[in-house]
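> Quick one: structure below, then a few questions.
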Amino acid sequence: MPTAPQNTDELYQALEENDRLPYGRTRTVTAEELVDAAEQLAEPVPLVHALFELQEAYTYGSEPRKSPVVFARLLNLFDEQPDVFDERRRHTLFWRFKWVADALRVLPEIPLAGLRQWLTEMRDRYEKAGLGLQPYYGQAYQLAAHIGEGTTLAYELWAGRSRTGLSDCEACEICERALYHLAAGDDERALNDWEPVLAGKESCQEEPARSVSYALLPLLRSGRVDRARELHLAGYRNCRRNPSMSGEVGRHLEFCALTGNEARGLELLAENRNLFGEVESPLDLFDFLTGAEVLLQRVESLGHGELPAAGYAGRTWTVAGLRAEVRGRADDLAARFDARNGTTAHTDRRRARLDRAPLVDALELTLRTRGLDEVAPAAPVAAPAARTAAEVPESLPELILRARTLDEQGHPDARACWAKLRTLAASRDYAHPDDPAVGPLARLRADLLSDEASRTGEKDEFAEAAALHEEAAGLYEDAGAPGDAAVARACALLAAAEIPAEIPAEGAEGAGSADGADGAGGAVVKAAALASAHAAMVRLHEEASGLAPHQEARLLRLRATALGMRLQTSGDEAHVAPVLAEADLLLAFATRHELGGQISGALLLRATTHALSGDLPAAVTVIDGVRDRLKAHGPAWHLPRTLALRGRIQLGLRDAQAAQADLAEGLRLAADWPADVVDTARLHADLAEVCMHLGRPDEALRHLTRSAELELRRGSRTDAYCAYSNAAQLCLDLGRVEDCIALLDSLLAEPDVAAGEVDDRLVAQLRLTRARALHTGEDLKAATTEFVALAAESARWDDDPGSHVMIAAETAVLLGESGEFGRAREAAEQAIAAHARAPRYEQLSGCLRELARLQAERQGPEGLADALARLADAGRIADEARAAEYEAQGRSLDTALAYEHGRVNAYAGEYEDALAALEKALALLGGPTPEKGEDHAGEWAECLRLTAAVEGIYLERPAPALNRLDAAVSRLTALGHTEEAEPLSSLANRLRDGG
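Residue 83 is where the sequence shown starts when you use the numbering used here, and the numbers rise one by one after that.
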C-alpha cells in the first residue's frame, strides 16, 4: 500500500480496492495494513470493517490460525460497543462464528475440548440473541463428521431443522448432505443431492469447486465417465494454485491417478508446486498430500519412480523421493489429528484413498493425452513405426557402410544407423576402423554433421543448419571426399537462403511481424536469396569434378528445390518455367542412372510446380503417374508424401471426398515409416483441413492435436504450438470451452513458454484464445484480467498496431460488461489511437457501440451522456470508413450505428429520440426482398420489432405500431420468412391485448 489512508473515505476506498484482489499474501498484507490505519483513525465503525476484511483474507487465504484472533477482537468490540454494529454488521458477526469453528477444527493443536467449548459459546450467543440454532447444529455435525463418531445423530439434529438467515448457503449445505451419504457408501443418493450444485444452479465462494472434487470418483463408479471428465476440467481450473482449496486440488490429482492420466497428474502437481509451501491449514494440507501420494504411488508402481516431480522448494525431486517425503508428512498429520480426536478416522480415510485401484484403464481427459514415457525430458524422437526397420549391423565397418548406402538412397532407416554411430563415436573408447572402404574418421564426422544439419533444418533452425553443413563440407574436403563436400556446400547455400531476412520496421508496417519475413517485403527478399542460392549452386555444380551419380543427382535436386521454393515464395508466373526446366534435368539424369528415389522426386517437383502455378489438372496427371510408378517400383517411403500431395491437389479441385481418401491412405502407409521422414504431422494437418470441408469438425480436431504432438516429438515446437493454437480455436468454435481452456493451460505451462523462449506473438495468440474461452465460459473476471494484460503488452507492438486495436477493443467491451466504464473508456481510447495507424473500422465501431449499449443498459439516464459520446466516436469511425470506401461484412456501419442510437436512447428513457433513430435504421436497412436473403430479413425484423415496441408500449401509440407490425408480418410471410415473423406477431397480439 503506497500511503496509508488519512480519513474514513480513503479507508473505505482502499478496502473496496483490496476486496477486488484475489485472495493471497498481497491481499492479506494490505488488509493488515488497513487495520493499522483504521486504528489510527480512532473510529470504531471503520475499524470493524477493516477487521472483517482481515478475517476474510485470513480465512480464504488459508491462514486459519489468525482468523480466530481477529474475530476475538470483533467479539470484544461487540460486547463493549454493541451500538456500533448495525443490523448488517451484526449479521456478519454472528455468521462468522462458523468461520472460527471451521478454523479451529483444521488445527490439530487445538484440543477437542476447546472445539466443543467454542461450539457451546456459539450456541449460547445465538440463544441470547434470539437466533435459530440450525447453524450451531450444522457445526456440531461437521465436528462429528471430522472426528468420525456420532455422525448419524448429529446429522439428524442438523438436517431435520429448518434453515435460518445464518445457515450456510444452499450450495454448502448440499455438499455436506451429499458427503454424509457418500461416507455411508450411497453414491447414487450423494450424486442426486449434489446435482443442483454440479449443474451450476447453486454456488458460492467455495462451490461448486468443492463439490466437484468430491463427486468425481462417485461419478466414475456410477458409469458417468463423460460427466466426470467435464467436471474435472471445469472444477480443477477453479481451484488450481489456490492454497485455500488445496484439498480440492489433491482430489483432482487422485482422479488423474485413477483414470490412467498419471502424466497429466504430474503436470498438475507441477502447476501447484506452490501448495507445498503456502498451505497453512493442516487439514487442507493433509488432503492435498494424500491426493498427491495417490498419484505418486501410482506412477511409481508403473515403474517410473525415477521421473522428475515437482515438490518442496529447495531441491529436485524424483517421483519415488517425493512420495517418501509426502508419505512421512501426511502420516504425521493423520496421527496428530487422530491423537487430538481420540479416533483413527484420518488414518483410516487416508489408507482407503491409498488402497483404491484405478477405476478406468484410460480416460481421455484432455486433448493432450500423454503417457509417462513422454514426461521425462529427452531428445526428440520419431513416433514408433509399425514397419520393422532393417536390423542395424553390429560390426562398426558394416554399420558405417550401411549408413552411407541408405543415405545415398534417401532411405528412412539411415537415421537409425547415424544415431547409433553418433553414440559410438562420442564414447571415449571409440576406435575408428582402419579400413580403406570406411575412410578416415574425418569423413565419418562429416557424415554425422551432415545428418545433424538436415535434422536441424527440419526444425527451421536454418542459420545453425547452414553452419553445420559448412563444417561438414570442410571435413569432407579434409577426408578427400570432394563430391560430398560439394553436396554439403549446396545444402548450406539452401539453408542460408531460408534464414528470415531482417527488414526495417517501417518497411514491415502491417506485415504482422517485426522482421517482415511473412509480408510482401520479406517475400521479395527471400525470393532473391533463393535465386542467388540457385546461381551459386549452378556454379558449384559446374566447378565440381569426379561426382558420383548419386551426388550429381542431389546437386540437381537442390538446384530444382531452390527454384521451386522461389516460386512458392513469390507466386510469380515467370518463375514456373525455370523450375520445370531444372526438374526435367533431374528427371533425365536420374532416369539415365536408374536412381529411383530421384526419379520420383523430380516428378513430384513437377506436380508441385503445376499446382503452384494453378494448373491443377496437369498436376493430377503427373501425380497419378508418380503414384503408379511408386506402387510398381518404389521407393515405398515416397508413397505417403505423394498421396499427401495428391490429396492437397484434390482439395484444390474442391473434391474433398477424394482428398480425404488419398490422405487417409497416405496416413495408413505412413505408419510403416518414421513419422519425421514421411511427415506424418503434415498428413494429420491436411486431414484436419479436409475434415472441416466435409463438415466433420470433431474428427478435424483429433487430427490437429495429433499433428501438434508429432511436431513436438520431432522438436518443431513452433509448428506444434501453431497447430495447438488452431486446435484450441476449433474447440472454442465447437463450444468445447473447458477442453479449449485445459489445452491452453497445458501449453502455457510448458517450460519453454514459461521461460519466454517461444515467440511472444505466438504465446499472445494462445493467451488471447484462452481469454476468449474464459469469456465464453462466463468467467468474466479471469477473462478481463487476461485481456487487460494482453492490451498492455500489445500496446508495445509498434510493428503491429492492428492487433492492438483488436485486443484493446475486446478489452474495453469486457471492462464494460464488468461495469468498469472508466477503464473501458481508457481501453477504447487506446484502440482509437492505434486505429489511426492501422484502421480496423468494423471491429472498433462494434466495440464503441457495444460499450454505449452496456452503459445505457446498466446506468439508464445517468449513463446516457457517456453512451452518446461513445456513439459519437463510432460515428467518426463510420465517416472514416465511408471516406475510405470500406465495405462492412454485414450491415453497414451507419445502419448499425442508427440502430444502436435507438437502443441506447430507449434504455435511457428518451423514447422519441429512440424512435427517430430506429426509423433511420429501418430506412438504411431497406425492406426484405428475395435477393437480400434470410440474414437481412432477420435483422430488419428485429429492428422493426424494437421500433414498434418503443412506439406502441413506451410512447403509448399502439395504432401506428400495429400498422407497422401487420405490414411487416404480411411481407415476411409472403417471402417465406415465417420464423422471423413470429416475434412480430407476438408483439402485435400483446398490443391488441392492451399492453
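Idealized CB from N, CA, C, for every residue including glycine.
Since this is a predicted model, take the numbers as computed values, not measurements.
1) Give me the DSSP bridge partner(s) of Trp399.
2) Where Asp489 and Asp533 are concerned, what is the direct C-alpha to C-alpha distance, given to the nearest angstrom?
3) With DSSP collapsed to three states, give me the class of Tyr754.
4) Just to confirm my understanding: we take Ala693, look at its own chain, exclude 5 residues before and 5 after, and list those with CB closer than 6 Å. What are they?
5) Taking only the alpha-carbon atoms, compute the straight-line gap between Pro1010 and Ala978 and give it to the nearest angstrom.
6) In three-state DSSP terms, what is Thr762?
7) Can you give me the C-alpha to C-alpha distance between Pro541 and Leu478, rounded to a whole angstrom?
8) Cβ of Thr787 within 8 Å of Cβ of Ala752?
9) Taking the alpha-carbon of Ala802 as reference, which of Arg778, Asp834, Gln650 has the nearest alpha-carbon?
10) For Tyr140 versus Gln287, is the C-beta distance shorter than 8 Å?
11) Indicate whether the contact test is met: 3 or more Cβ pairs, each with one atom in the stretch 420-428 and one in the stretch 222-238, closer than 8 Å.
12) Is it the case that the Cβ atoms of Tyr262 and Arg243 are separated by a distance below 8 Å?
13) At what residues does the alpha helix (DSSP H) containing Cys251 begin and finish?
14) Residues in its own chain within less than 8 Å of Leu301 by CB, not counting five upstream and five downstream?
15) Can you give the Cα-Cα distance for Pro475 and Gly492, rounded to whole angstroms?
16) Under the assumption that Asn987 contacts Ala996 (Cβ atoms under 8 Å), give the Cβ distance between them as a whole number of angstroms.
17) Mapping DSSP to helix, strand and coil, what is Ala831?
18) So which of Phe358, Ala1023, Gly1020, Ala1030 has the shortest CA-CA distance to Glu994?
19) When you compare only the Cα positions, how much space is there between Cys251 and Glu284?
20) Three-state secondary structure (DSSP) at His857?
21) Relative to the alpha-carbon of Arg1074, which residue among Ile1035, Val708, Ser1052 has its alpha-carbon at the smallest distance?
22) Return the CA-CA distance between Leu215 and Gln199, expressed in angstroms with no decimal places.
23) Is the number of C-beta pairs between the stretch 330-350 and the stretch 448-458 that are closer than 8 Å three or more?
24) Going by the CB atoms, is the gap between Gly1020 and Glu1062 shorter than 8 Å?
25) Can you give me the start and stop residues for the alpha helix (DSSP H) that Lys210 sits inside?
26) Looking at the structure shown, is Cys321 part of a helix, part of a strand, or coil, going by DSSP?
27) Between the alpha carbons of Tyr296 and Ala265, how many angstroms are there, rounded?
28) My guess is that Leu335 and Ala392 are in contact by the Cβ rule of under 8 Å, so how many angstroms apart are they, rounded?
29) By Cβ distance below 7 Å, which residues in the same chain neighbour Ala877 in space, the five residues on each side in sequence not counted?
30) Would you mind listing the alpha helix (DSSP H) stretches within the stretch 669-706 that are 4+ residues and don't spill past its ends, in chain order?
31) Give me the Cα-Cα distance between Asn1071 and Pro1065, rounded to the nearest whole angstrom.
32) May I ask you to report which of helix, strand or coil DSSP gives Lys541?
33) In chain order, what residues of the same chain lie with their CB nearer than 8 Å to the CB of Phe358, ignoring the 5 residues before and after it?
34) What is the rounded straight-line gap between the Cα of Arg784 and the Cα of Val819?
35) Helix, strand or coil, according to DSSP, for Glu969 in the structure here?
36) What three-state label does DSSP hand Ala794 in the structure shown?
A quick look at the data gives this:
1) Looking at the DSSP assignment, Trp399 forms a beta bridge with Ala391.
2) When the Cα atoms are used, Asp489 and Asp533 turn out to be separated by approximately 9 Å.
3) According to the sequence as given, residue 754 is Asp; it is not Tyr. Judged by DSSP in its simplified three-state form, Asp754 adopts coil rather than helix or strand.
4) Ala701, Ile731.
5) The straight-line gap from Cα to Cα measures roughly 17 Å.
6) In this structure, Thr762 counts as helix in the three-state DSSP scheme.
7) Here the sequence assigns Lys to residue 541, which means Pro is not the residue at that position. Cα atoms of Lys541 and Leu478: separation of roughly 30 Å, rounded to the nearest angstrom.
8) Not closer than 8 Å, so no.
9) Comparing Cα-Cα distances from Ala802 to each of Arg778, Asp834, Gln650, the minimum goes to Asp834.
10) No, the pair does not count as a contact, with Cβ atoms beyond the cut-off.
11) They touch, by the three-pair rule.
12) Their beta carbons are not under 8 Å apart, which means Tyr262 does not touch Arg243 by this criterion.
13) Membership of Cys251 in any alpha helix (DSSP H) is not indicated, and neither H nor E is assigned to it by DSSP.
14) Leu273, Val307, Arg309, Ala310, Leu313.
15) If I take the Cα positions, the gap works out to 18 Å.
16) 4 Å between Cβ atoms; contact.
17) Secondary structure at Ala831: coil, using DSSP grouped into helix, strand and coil.
18) Cα-wise, what sits closest to Glu994 is Ala1030.
19) Straight-line Cα distance between these residues: approximately 9 Å.
20) Of the three classes helix, strand and coil, the one that applies to His857 here is helix, per DSSP.
21) Comparing alpha carbon positions, the residue from Ile1035, Val708, Ser1052 closest to Arg1074 is Ile1035.
22) So the alpha carbons of these two residues sit roughly 16 Å apart.
23) Yes: at least three Cβ pairs fall under 8 Å.
24) Pairing Glu1062 with Gly1020 gives a Cβ-Cβ distance under 8 Å.
25) First-last of the alpha helix (DSSP H) with Lys210: 194-210.
26) Cys321 falls in the coil class under three-state DSSP.
27) When rounded, the distance between both Cα atoms is 11 Å.
28) The distance from the Cβ of Leu335 to that of Ala392 is about 12 Å, inconsistent with a contact at the 8 Å cut-off.
29) These residues qualify, in order along the chain: His886, Gln912.
30) Every unbroken stretch of the alpha helix (DSSP H) spanning 4 or more residues and falling wholly within the stretch 669-706 is given here in chain order: 678-694.
31) C-alpha separation (whole angstroms): 10 Å.
32) Of the three classes helix, strand and coil, the one that applies to Lys541 here is coil, per DSSP.
33) Once the five neighbours on either side are set aside, the close Cβ partners of Phe358 are Gly393, Tyr394, Ala395.
34) If I take the Cα positions, the gap works out to 16 Å.
35) The answer is coil: DSSP assigns Glu969 none of H, G, I, E or B.
36) Checking the displayed sequence, the identity of residue 794 turns out to be Leu instead of Ala. Taken through DSSP and simplified to helix, strand or coil, Leu794 comes out as helix.
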